[in-house]
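Only one structure is covered here, and it is reproduced in the block below.
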Amino acid sequence: MDQQGFLQDARPWVTAASQWARASQHFVAMLDAIDVGDGLKATNEYLAAQRQIDLAKCPTVDDQGSDGIPQKNVIVPSVGDGIFEAFARKATAQFAAFLGVRPTAMKAYASTASSSMGQWQGNSPSQMVDGKLSTPFWSNVPPEKGSYAQVDLGSVKSVGQVAVHQADDDTASGDIFYHAALEYSTDGSTWTIAGIFDSAPLIKHAFETPVKARYVRVRATDANPGAQWVKIREFEVTPPVSVYSTNIKAAKGSSAALAFDGDVSTAFHAAASAKAGDFVSFVPAKGVTPRQVIVVGTACGKVQVRSGRAWRTIGTISDDAPFHAFAVPAGTSVKEVRLMLVAGSPAPVIREMTVVDRELRPTPTPATVTPIVTPTPATTIKPTVTPSSSVTTTTVSEANIGDGWGRLRHSTLGPRLPNTGA
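Those letters in the sequence shown? Residues 19 to 440, per my numbering, in order.
Right, here's the structure in full:
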(Lines of atoms letter the chains of each structure in order from A; the text may use other names.)
(Lines give C-alpha, C1' and ligand atoms only; values in the text may rest on other atoms or scores of the structure.)
Protein backbone atom coordinates (compact mmCIF):
# COMPACT_ATOMS: atom_id res chain seq x y z
CA MET A 19 0.00 0.00 0.00
CA ASP A 20 1.39 3.38 -1.05
CA GLN A 21 0.92 5.86 1.78
CA GLN A 22 2.50 9.30 1.71
CA GLY A 23 5.04 9.77 4.52
CA PHE A 24 4.82 6.22 5.88
CA LEU A 25 8.40 5.26 4.98
CA GLN A 26 9.78 8.44 6.49
CA ASP A 27 7.83 7.89 9.72
CA ALA A 28 8.77 4.21 9.93
CA ARG A 29 12.41 4.64 8.87
CA PRO A 30 13.95 4.71 12.40
CA TRP A 31 12.25 1.43 13.35
CA VAL A 32 13.02 -0.25 10.01
CA THR A 33 16.65 0.80 10.31
CA ALA A 34 16.91 -0.38 13.92
CA ALA A 35 15.36 -3.73 12.97
CA SER A 36 17.89 -4.18 10.17
CA GLN A 37 20.76 -3.34 12.54
CA TRP A 38 19.54 -5.85 15.12
CA ALA A 39 19.13 -8.43 12.34
CA ARG A 40 22.72 -7.88 11.18
CA ALA A 41 23.90 -8.19 14.77
CA SER A 42 22.03 -11.49 15.06
CA GLN A 43 23.67 -12.77 11.87
CA HIS A 44 27.09 -11.94 13.31
CA PHE A 45 26.16 -13.73 16.53
CA VAL A 46 25.20 -16.85 14.55
CA ALA A 47 28.57 -16.73 12.77
CA MET A 48 30.22 -16.26 16.17
CA LEU A 49 28.47 -19.35 17.53
CA ASP A 50 29.62 -21.36 14.50
CA ALA A 51 33.20 -20.24 15.23
CA ILE A 52 32.81 -21.23 18.88
CA ASP A 53 31.72 -24.71 17.79
CA VAL A 54 35.10 -25.26 16.09
CA GLY A 55 37.13 -23.44 18.75
CA ASP A 56 38.13 -20.53 16.50
CA GLY A 57 38.70 -17.70 18.97
CA LEU A 58 39.82 -15.12 16.40
CA LYS A 59 36.77 -15.48 14.16
CA ALA A 60 34.43 -15.65 17.15
CA THR A 61 35.88 -12.41 18.52
CA ASN A 62 35.68 -10.60 15.18
CA GLU A 63 32.04 -11.65 14.77
CA TYR A 64 31.22 -10.63 18.34
CA LEU A 65 32.73 -7.17 17.82
CA ALA A 66 30.85 -6.78 14.53
CA ALA A 67 27.60 -7.67 16.33
CA GLN A 68 28.32 -5.12 19.04
CA ARG A 69 28.88 -2.38 16.48
CA GLN A 70 25.44 -3.06 14.99
CA ILE A 71 23.84 -3.09 18.45
CA ASP A 72 25.48 0.24 19.28
CA LEU A 73 23.93 1.68 16.13
CA ALA A 74 20.53 0.18 16.94
CA LYS A 75 20.63 1.83 20.36
CA CYS A 76 21.14 5.31 18.92
CA PRO A 77 18.28 7.75 19.60
CA THR A 78 16.93 8.46 16.12
CA VAL A 79 13.29 9.40 16.81
CA ASP A 80 12.37 13.05 17.25
CA ASP A 81 10.32 14.21 20.23
CA GLN A 82 8.83 17.39 21.63
CA GLY A 83 10.78 18.82 24.55
CA SER A 84 9.29 20.09 27.79
CA ASP A 85 9.46 23.59 26.30
CA GLY A 86 7.27 22.50 23.39
CA ILE A 87 10.10 22.76 20.87
CA PRO A 88 10.72 19.65 18.71
CA GLN A 89 14.08 17.99 19.39
CA LYS A 90 15.99 15.80 16.95
CA ASN A 91 17.10 12.25 17.74
CA VAL A 92 15.72 11.89 21.26
CA ILE A 93 14.06 8.46 21.49
CA VAL A 94 15.64 5.05 20.81
CA PRO A 95 13.35 3.03 18.50
CA SER A 96 12.30 -0.22 20.17
CA VAL A 97 11.85 -3.26 17.90
CA GLY A 98 11.40 -7.00 18.33
CA ASP A 99 9.65 -6.95 21.73
CA GLY A 100 12.89 -7.87 23.49
CA ILE A 101 13.61 -10.95 21.37
CA PHE A 102 16.72 -9.45 19.77
CA GLU A 103 18.06 -8.47 23.19
CA ALA A 104 17.33 -11.92 24.61
CA PHE A 105 19.27 -13.59 21.81
CA ALA A 106 22.14 -11.11 22.21
CA ARG A 107 22.34 -11.84 25.95
CA LYS A 108 22.43 -15.59 25.46
CA ALA A 109 24.96 -15.41 22.63
CA THR A 110 27.18 -13.05 24.63
CA ALA A 111 27.04 -15.36 27.64
CA GLN A 112 28.11 -18.23 25.39
CA PHE A 113 31.04 -16.16 24.11
CA ALA A 114 32.12 -15.24 27.64
CA ALA A 115 31.99 -18.90 28.68
CA PHE A 116 34.01 -19.87 25.60
CA LEU A 117 36.71 -17.34 26.51
CA GLY A 118 36.70 -18.40 30.14
CA VAL A 119 36.32 -14.82 31.35
CA ARG A 120 35.08 -14.35 34.88
CA PRO A 121 34.33 -11.16 36.83
CA THR A 122 36.78 -10.18 39.55
CA ALA A 123 34.58 -7.54 41.19
CA MET A 124 34.06 -7.90 44.92
CA LYS A 125 30.66 -8.33 46.54
CA ALA A 126 28.73 -5.06 46.64
CA TYR A 127 28.73 -3.05 49.84
CA ALA A 128 25.59 -3.19 51.97
CA SER A 129 23.74 0.09 51.59
CA THR A 130 20.43 1.89 51.94
CA ALA A 131 18.75 3.47 48.93
CA SER A 132 16.61 6.54 48.38
CA SER A 133 15.25 8.61 45.52
CA SER A 134 13.85 12.06 44.91
CA MET A 135 11.12 10.39 42.83
CA GLY A 136 8.13 8.54 44.20
CA GLN A 137 7.63 4.79 43.72
CA TRP A 138 5.17 2.87 41.56
CA GLN A 139 3.07 0.62 43.81
CA GLY A 140 5.35 -1.62 45.93
CA ASN A 141 8.52 -1.05 43.89
CA SER A 142 10.43 0.84 46.59
CA PRO A 143 14.00 2.19 46.42
CA SER A 144 15.12 -0.53 48.87
CA GLN A 145 14.67 -3.08 46.08
CA MET A 146 17.61 -1.69 44.13
CA VAL A 147 19.99 -2.80 46.90
CA ASP A 148 18.45 -6.18 47.82
CA GLY A 149 20.85 -8.23 45.67
CA LYS A 150 18.08 -9.34 43.30
CA LEU A 151 17.92 -8.21 39.68
CA SER A 152 14.31 -9.40 39.56
CA THR A 153 13.03 -6.82 42.09
CA PRO A 154 13.44 -3.25 40.83
CA PHE A 155 12.83 0.20 42.16
CA TRP A 156 10.31 1.77 39.78
CA SER A 157 9.47 5.44 39.90
CA ASN A 158 5.94 6.75 39.42
CA VAL A 159 7.06 9.92 37.63
CA PRO A 160 9.59 10.75 34.94
CA PRO A 161 12.82 12.33 36.17
CA GLU A 162 13.26 16.06 35.83
CA LYS A 163 16.62 17.77 35.71
CA GLY A 164 18.15 17.18 39.16
CA SER A 165 16.10 14.07 40.01
CA TYR A 166 18.21 11.29 41.50
CA ALA A 167 18.49 7.76 42.84
CA GLN A 168 21.07 7.34 45.59
CA VAL A 169 22.72 4.81 47.90
CA ASP A 170 24.27 5.42 51.32
CA LEU A 171 27.10 3.06 52.30
CA GLY A 172 26.73 3.97 55.97
CA SER A 173 30.27 5.32 56.29
CA VAL A 174 33.07 6.50 54.02
CA LYS A 175 34.48 3.52 52.12
CA SER A 176 36.98 2.82 49.36
CA VAL A 177 35.11 2.39 46.06
CA GLY A 178 36.49 0.56 43.03
CA GLN A 179 33.46 0.18 40.78
CA VAL A 180 29.81 1.19 40.41
CA ALA A 181 27.18 -0.62 38.33
CA VAL A 182 23.60 0.60 38.01
CA HIS A 183 21.36 -1.91 36.22
CA GLN A 184 18.36 -0.13 34.69
CA ALA A 185 15.31 -1.09 32.61
CA ASP A 186 14.37 -4.76 32.20
CA ASP A 187 17.92 -5.81 31.30
CA ASP A 188 21.32 -4.29 30.58
CA THR A 189 20.78 -4.12 26.82
CA ALA A 190 17.21 -2.81 26.54
CA SER A 191 16.11 0.79 26.44
CA GLY A 192 12.96 1.62 28.34
CA ASP A 193 12.51 3.14 31.77
CA ILE A 194 15.97 4.56 32.53
CA PHE A 195 17.75 7.83 33.24
CA TYR A 196 18.30 8.89 29.63
CA HIS A 197 20.61 11.75 30.56
CA ALA A 198 22.56 11.03 33.72
CA ALA A 199 25.60 11.91 35.78
CA LEU A 200 27.14 9.32 38.09
CA GLU A 201 28.38 11.12 41.20
CA TYR A 202 29.93 10.31 44.58
CA SER A 203 30.38 12.19 47.84
CA THR A 204 31.79 11.73 51.33
CA ASP A 205 29.25 14.03 53.02
CA GLY A 206 26.18 14.16 50.75
CA SER A 207 26.76 17.86 50.02
CA THR A 208 29.85 18.11 47.83
CA TRP A 209 29.66 15.85 44.79
CA THR A 210 32.23 14.68 42.26
CA ILE A 211 31.15 13.53 38.79
CA ALA A 212 32.54 10.12 37.84
CA GLY A 213 30.95 9.96 34.40
CA ILE A 214 28.19 11.19 32.08
CA PHE A 215 25.86 8.65 30.48
CA ASP A 216 23.24 9.07 27.75
CA SER A 217 20.74 6.35 26.77
CA ALA A 218 22.71 3.76 28.80
CA PRO A 219 20.63 0.96 30.39
CA LEU A 220 23.76 -0.12 32.28
CA ILE A 221 25.60 2.70 34.00
CA LYS A 222 28.98 1.22 34.82
CA HIS A 223 32.16 2.93 35.95
CA ALA A 224 35.44 1.44 37.20
CA PHE A 225 37.74 3.92 38.91
CA GLU A 226 41.34 3.96 37.73
CA THR A 227 42.31 4.81 41.30
CA PRO A 228 39.89 3.88 44.11
CA VAL A 229 37.96 6.82 45.55
CA LYS A 230 36.53 7.50 49.00
CA ALA A 231 32.76 7.83 49.18
CA ARG A 232 29.79 7.31 51.44
CA TYR A 233 27.11 8.40 48.99
CA VAL A 234 26.80 7.46 45.32
CA ARG A 235 23.98 8.65 43.09
CA VAL A 236 22.67 8.86 39.56
CA ARG A 237 21.40 12.37 38.84
CA ALA A 238 19.33 13.43 35.83
CA THR A 239 21.12 16.08 33.79
CA ASP A 240 17.94 16.63 31.75
CA ALA A 241 14.34 15.47 31.61
CA ASN A 242 13.56 12.08 30.08
CA PRO A 243 12.20 11.95 26.51
CA GLY A 244 8.63 10.80 26.19
CA ALA A 245 8.08 11.31 29.95
CA GLN A 246 9.45 7.81 30.61
CA TRP A 247 9.84 6.70 34.21
CA VAL A 248 12.92 5.11 35.79
CA LYS A 249 13.43 1.46 36.70
CA ILE A 250 16.58 0.37 38.57
CA ARG A 251 17.03 -3.34 39.22
CA GLU A 252 20.27 -3.06 41.22
CA PHE A 253 22.57 -0.25 42.33
CA GLU A 254 25.92 -1.89 43.14
CA VAL A 255 28.91 -0.16 44.71
CA THR A 256 31.91 -2.47 45.14
CA PRO A 257 35.34 -2.20 46.76
CA PRO A 258 38.57 -2.29 44.72
CA VAL A 259 40.01 -5.64 43.66
CA SER A 260 43.65 -6.69 43.93
CA VAL A 261 43.97 -9.54 41.42
CA TYR A 262 45.43 -7.29 38.71
CA SER A 263 48.21 -4.71 38.55
CA THR A 264 49.39 -2.13 36.02
CA ASN A 265 51.56 0.97 35.76
CA ILE A 266 49.67 2.24 32.70
CA LYS A 267 47.55 5.37 32.99
CA ALA A 268 43.99 4.81 31.81
CA ALA A 269 42.14 7.11 29.46
CA LYS A 270 39.52 9.33 31.06
CA GLY A 271 36.54 7.24 32.09
CA SER A 272 38.42 3.95 31.78
CA SER A 273 40.19 1.65 34.23
CA ALA A 274 42.34 -1.47 34.15
CA ALA A 275 39.54 -3.16 36.09
CA LEU A 276 37.54 -3.30 32.85
CA ALA A 277 40.02 -5.85 31.47
CA PHE A 278 39.10 -8.21 34.30
CA ASP A 279 35.37 -7.63 34.83
CA GLY A 280 34.13 -10.65 32.85
CA ASP A 281 32.38 -8.33 30.38
CA VAL A 282 33.82 -8.35 26.85
CA SER A 283 31.74 -5.31 25.88
CA THR A 284 33.87 -3.12 28.15
CA ALA A 285 37.58 -2.38 27.72
CA PHE A 286 40.60 -0.88 29.42
CA HIS A 287 41.72 2.03 27.23
CA ALA A 288 45.22 3.34 27.89
CA ALA A 289 45.65 7.11 27.84
CA ALA A 290 48.74 7.15 25.62
CA SER A 291 51.19 5.08 23.62
CA ALA A 292 53.20 2.52 25.55
CA LYS A 293 56.41 3.46 27.34
CA ALA A 294 59.32 1.21 28.25
CA GLY A 295 58.35 -0.96 31.21
CA ASP A 296 54.57 -0.61 30.77
CA PHE A 297 52.70 -3.75 31.79
CA VAL A 298 49.38 -5.28 32.80
CA SER A 299 49.39 -8.38 35.01
CA PHE A 300 46.90 -10.57 36.85
CA VAL A 301 46.69 -13.56 39.16
CA PRO A 302 44.69 -16.46 37.61
CA ALA A 303 41.52 -17.58 39.33
CA LYS A 304 41.85 -20.46 41.74
CA GLY A 305 40.66 -23.84 40.55
CA VAL A 306 41.75 -23.33 36.92
CA THR A 307 44.70 -25.26 35.48
CA PRO A 308 46.03 -22.84 32.84
CA ARG A 309 46.64 -24.38 29.42
CA GLN A 310 46.36 -21.12 27.51
CA VAL A 311 46.58 -17.41 28.19
CA ILE A 312 43.86 -15.44 26.39
CA VAL A 313 44.16 -11.76 25.45
CA VAL A 314 41.09 -10.12 23.91
CA GLY A 315 41.87 -6.65 22.60
CA THR A 316 44.60 -4.82 20.71
CA ALA A 317 48.12 -4.40 22.10
CA CYS A 318 51.74 -5.08 21.16
CA GLY A 319 54.04 -6.87 23.57
CA LYS A 320 55.24 -10.08 25.18
CA VAL A 321 52.91 -12.42 27.05
CA GLN A 322 54.69 -13.88 30.05
CA VAL A 323 53.95 -16.24 32.94
CA ARG A 324 55.57 -16.58 36.34
CA SER A 325 55.83 -19.73 38.44
CA GLY A 326 58.39 -18.52 40.95
CA ARG A 327 60.28 -15.24 40.78
CA ALA A 328 61.36 -15.43 37.13
CA TRP A 329 59.16 -14.51 34.15
CA ARG A 330 58.96 -16.71 31.05
CA THR A 331 57.79 -15.42 27.66
CA ILE A 332 55.25 -17.75 26.03
CA GLY A 333 54.26 -15.57 23.06
CA THR A 334 54.40 -12.20 21.35
CA ILE A 335 51.61 -9.97 20.06
CA SER A 336 52.81 -7.90 17.12
CA ASP A 337 49.66 -7.29 15.07
CA ASP A 338 46.20 -5.75 15.38
CA ALA A 339 44.16 -8.94 15.76
CA PRO A 340 41.59 -8.64 18.58
CA PHE A 341 42.19 -12.17 19.92
CA HIS A 342 45.31 -14.11 20.88
CA ALA A 343 45.75 -17.45 22.63
CA PHE A 344 49.13 -18.64 23.88
CA ALA A 345 49.94 -22.14 25.09
CA VAL A 346 51.29 -22.53 28.60
CA PRO A 347 54.20 -25.02 28.60
CA ALA A 348 53.16 -28.40 29.97
CA GLY A 349 53.85 -28.85 33.65
CA THR A 350 54.09 -25.11 34.32
CA SER A 351 52.31 -23.82 37.39
CA VAL A 352 51.19 -20.25 36.79
CA LYS A 353 51.10 -17.82 39.70
CA GLU A 354 50.83 -14.67 37.60
CA VAL A 355 50.40 -13.60 33.96
CA ARG A 356 51.86 -10.43 32.49
CA LEU A 357 51.65 -8.48 29.23
CA MET A 358 54.82 -6.40 28.75
CA LEU A 359 54.13 -3.72 26.15
CA VAL A 360 56.52 -2.64 23.42
CA ALA A 361 57.74 0.93 23.92
CA GLY A 362 56.20 3.28 21.36
CA SER A 363 53.40 0.91 20.37
CA PRO A 364 49.85 2.30 20.10
CA ALA A 365 47.80 2.74 23.26
CA PRO A 366 46.43 -0.70 24.13
CA VAL A 367 42.72 -1.47 24.28
CA ILE A 368 42.30 -4.62 26.38
CA ARG A 369 38.84 -6.13 26.70
CA GLU A 370 39.74 -9.18 28.76
CA MET A 371 42.80 -11.12 29.91
CA THR A 372 42.31 -14.59 31.34
CA VAL A 373 43.48 -18.20 31.34
CA VAL A 374 41.61 -21.30 30.20
CA ASP A 375 42.06 -25.01 30.85
CA ARG A 376 41.55 -25.97 27.21
CA GLU A 377 42.88 -25.03 23.76
CA LEU A 378 41.35 -22.32 21.59
CA ARG A 379 42.53 -21.44 18.09
CA PRO A 380 44.85 -19.87 17.05
CA THR A 381 47.54 -21.09 19.45
CA PRO A 382 50.79 -19.30 18.59
CA THR A 383 54.12 -20.27 20.14
CA PRO A 384 56.97 -17.80 20.81
CA ALA A 385 58.14 -18.42 17.23
CA THR A 386 54.69 -18.03 15.66
CA VAL A 387 52.78 -14.82 15.09
CA THR A 388 49.01 -14.72 14.76
CA PRO A 389 47.82 -13.75 11.24
CA ILE A 390 47.08 -10.07 10.79
CA VAL A 391 43.44 -9.02 10.88
CA THR A 392 42.32 -5.42 10.58
CA PRO A 393 39.71 -4.66 13.26
CA THR A 394 37.94 -1.42 14.02
CA PRO A 395 39.04 -0.62 17.55
CA ALA A 396 37.42 2.22 19.44
CA THR A 397 39.63 5.27 19.83
CA THR A 398 37.41 7.15 22.24
CA ILE A 399 35.16 6.13 25.07
CA LYS A 400 31.56 7.16 24.58
CA PRO A 401 28.43 5.84 26.32
CA THR A 402 26.46 6.38 23.11
CA VAL A 403 27.01 6.38 19.36
CA THR A 404 26.21 9.45 17.29
CA PRO A 405 23.78 8.45 14.54
CA SER A 406 24.59 9.25 10.96
CA SER A 407 22.60 11.94 9.24
CA SER A 408 21.99 9.54 6.39
CA VAL A 409 20.13 6.31 7.01
CA THR A 410 20.59 3.09 5.08
CA THR A 411 17.41 1.04 4.79
CA THR A 412 17.07 -2.67 4.27
CA THR A 413 14.16 -4.27 2.48
CA VAL A 414 12.28 -6.39 5.00
CA SER A 415 9.67 -8.95 4.02
CA GLU A 416 7.66 -11.55 5.93
CA ALA A 417 9.58 -14.27 4.09
CA ASN A 418 13.09 -13.17 4.98
CA ILE A 419 12.13 -12.34 8.58
CA GLY A 420 10.79 -15.89 8.98
CA ASP A 421 13.89 -17.34 7.37
CA GLY A 422 16.13 -15.32 9.68
CA TRP A 423 14.39 -16.47 12.84
CA GLY A 424 14.42 -20.03 11.60
CA ARG A 425 18.20 -19.88 11.26
CA LEU A 426 18.56 -18.39 14.73
CA ARG A 427 16.46 -21.09 16.34
CA HIS A 428 18.55 -23.81 14.73
CA SER A 429 21.88 -22.22 15.66
CA THR A 430 24.05 -23.33 18.56
CA LEU A 431 21.82 -21.52 21.05
CA GLY A 432 18.59 -22.44 19.30
CA PRO A 433 17.10 -24.52 22.14
CA ARG A 434 17.84 -21.69 24.58
CA LEU A 435 16.06 -19.01 22.57
CA PRO A 436 12.72 -17.78 23.89
CA ASN A 437 9.71 -19.09 21.99
CA THR A 438 8.17 -16.22 20.05
CA GLY A 439 5.26 -18.28 18.83
CA ALA A 440 6.18 -17.51 15.23
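For glycine and all other residues, C-beta sits at the position ideal for the given N, C-alpha and C.
Of the residues the options, the one placed nearest residue i, counting alpha carbons only
i	options	result
Leu151	Glu226, Thr61, Asp186 and Lys125	Asp186
Val367	Val321, Ser36 and Ala277	Ala277
Ala115	Pro364, Ala126 and Gly55	Gly55
Lys90	Ala60, Pro243, Thr61 and Ser129	Pro243
Pro173	Asp216, Arg232, Leu220 and Glu226	The amino acid occupying residue 173 in the given sequence is Ser; Pro does not appear at that position. Of Asp216, Arg232, Leu220 and Glu226, the residue nearest in Cα terms is Arg232.
Met124	Ser133, Phe105 and Ser260	Ser260
Ala442	Pro219, Glu226, Ala218 and Ser165	The structure shown does not extend to residue 442, since the chain is modelled only from 19 to 440, so the question has no answer here.
Ser325	Gly319, Pro347 and Thr239	Pro347
Asn141	Thr153, Gly149, Ala241 and Ser132	Thr153
Arg376	Ala343, Gly136, Val352 and Thr334	Ala343
Lys163	Pro88, Phe195, Val373 and Asp81	Phe195
Thr130	Met146, Ser157, Val360 and Ala268	Met146
Tyr127	Phe24, Val180 and Ala289	Val180
Val352	Ala339, Pro228 and Val374	Val374
Ser134	Phe102, Trp38, Arg69 and Val248	Val248
Thr239	Met371, Thr189 and Tyr166	Tyr166
Ser217	Trp209, Asp193 and Thr210	Asp193
Arg327	Ala339, Lys320, Glu354 and Thr33	Glu354
Thr316	Phe341, Lys304 and Ser36	Phe341
Phe45	Leu25, Ile71 and Phe24	Ile71
Gln139	Gly149, Phe155 and Asp148	Phe155
8 Å Cβ cutoff met for residue i and residue j
i	j	result
Trp329	Arg356	yes
Val323	Val311	yes
Gly57	Arg379	yes
Ile214	Val236	no
Phe105	Ser42	yes
Tyr202	Val182	no
His287	Ser299	no
Lys5	Pro257	Outside the shown range of the chain (19 to 440) lies residue 5, about which nothing can therefore be said.
Pro160	Ala245	yes
Cys318	Ser263	no
Asn158	Gln184	no
Leu359	Phe297	yes
Ile332	Val313	no
Gln168	Ser132	yes
Trp38	Gly98	yes
Gly178	Pro228	yes
Leu117	Thr307	no
Ala361	Arg120	no
Lys267	Ala289	yes
Ala269	Ala224	no
Glu103	Thr189	yes
Ser291	Ala339	no
Thr204	Lys230	yes
Paired residues, beta bridge with residue i - DSSP
i	result
Ser176	Lys230
Arg379	Asp56
Ser203	Tyr233
Thr372	Ile312
Val355	Phe300 and Val323
Gln168	Ser132 and Arg235
Phe341	Val314
Gly333	Val321
Val367	His287 and Thr316
Ala198	Phe215 and Ala238
Ala181	Lys222 and Glu254
Any non-hydrogen atom of the ligand ATP within 7 Å of residue i CB
i	result
Ser165	Looking at this structure, you won't find the ligand ATP or any other ligand, since it has none at all.
Is there contact between the region 70-79 and the region 94-105, where contact requires at least three CB pairs shorter than 8 Å?
The answer is yes - the region 94-105 touches the region 70-79, with three or more Cβ pairs under 8 Å.
Could you tell me whether the region 273-289 touches the region 105-117, where touching means 3 or more Cβ pairs closer than 8 Å?
Verdict: yes, contact present.
Which complete alpha helix (DSSP H) runs does the region 90-163 hold, if anything under 4 residues is left out?
Listed in chain order, the complete alpha helix (DSSP H) runs (minimum 4 residues) inside the region 90-163 are 101-117.
Within 8 Å, do at least three Cβ pairs link the region 61-72 to the region 24-34?
Contact between the region 24-34 and the region 61-72 is absent: fewer than 3 CB-CB pairs across the two stretches fall below 8 Å.
Complete beta strand (DSSP E) runs within the region 210-255 (minimum length 3 residues, chain order):
As for any beta strand (DSSP E) of minimum length 3 sitting wholly inside the region 210-255, the runs are 210-216 and 220-238, ordered along the chain.
Please give the ranges of any beta strand (DSSP E) in the region 246-329, keeping only runs that are unbroken, at least 3 residues long and fully inside the region.
Counting whole runs of 3 or more residues, the region 246-329 contains the beta strand (DSSP E) stretches 249-256, 262-264, 297-300, 310-316 and 319-324.
Restricting to runs no shorter than 3 residues, where is the beta strand (DSSP E) found entirely within the region 28-96?
Runs of the beta strand (DSSP E) spanning 3 or more residues and lying entirely within the region 28-96 occur at 79-82 and 88-93, in chain order.
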